[in-house]
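For reference, the structure is listed below as structure tokens.
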Amino acid sequence: MFYYILVGIIALLAGVALGFFIARKYMMSYLQKNPPINENMLRVMMMQMGQKPSQKKINQMMQAMNKQMK
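In the working numbering, the protein residues as written are 25 to 94.
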């Protein structure tokens with residue numbers, strides 16, 4: 025009976041570890057294929073809000089967003 029519990033716990037821990045690494049790999053590939061935001065998207069959003077985006081302002085916002093992501 026003790027062996028069944030031990031095997032169950034080991035299988036559970038192996039499943040959790042395997043699931044974590046699979047989910048991590050999936051999310052990394054998803055973020056590489058679909059980045060959260062880029063300069064063109066930022067430019068379009070600013071134009072929709074009625075602002076005329078300069079390259080300096082876009083660079084500042086991208087740096088702020090990248091800093092916040094880290």
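Backbone N, C-alpha and C fix where the C-beta goes; we use that ideal spot for every residue, glycine too.
If we count Cβ pairs, one from each stretch, closer than 8 Å, do we get three or more for the stretch 83-93 versus the stretch 59-68? yes
Would a C-beta distance cut-off of 8 Å place Leu55 and Met86 closer than the cut-off? no
Tyr28 versus Met52 - alpha carbon distance: 36 Å
Rounded C-alpha distance that separates Met71 from Asn83: 15 Å
4-residue-minimum alpha helix (DSSP H) runs that sit fully inside the stretch 52-79, ordered along the chain: 63-72
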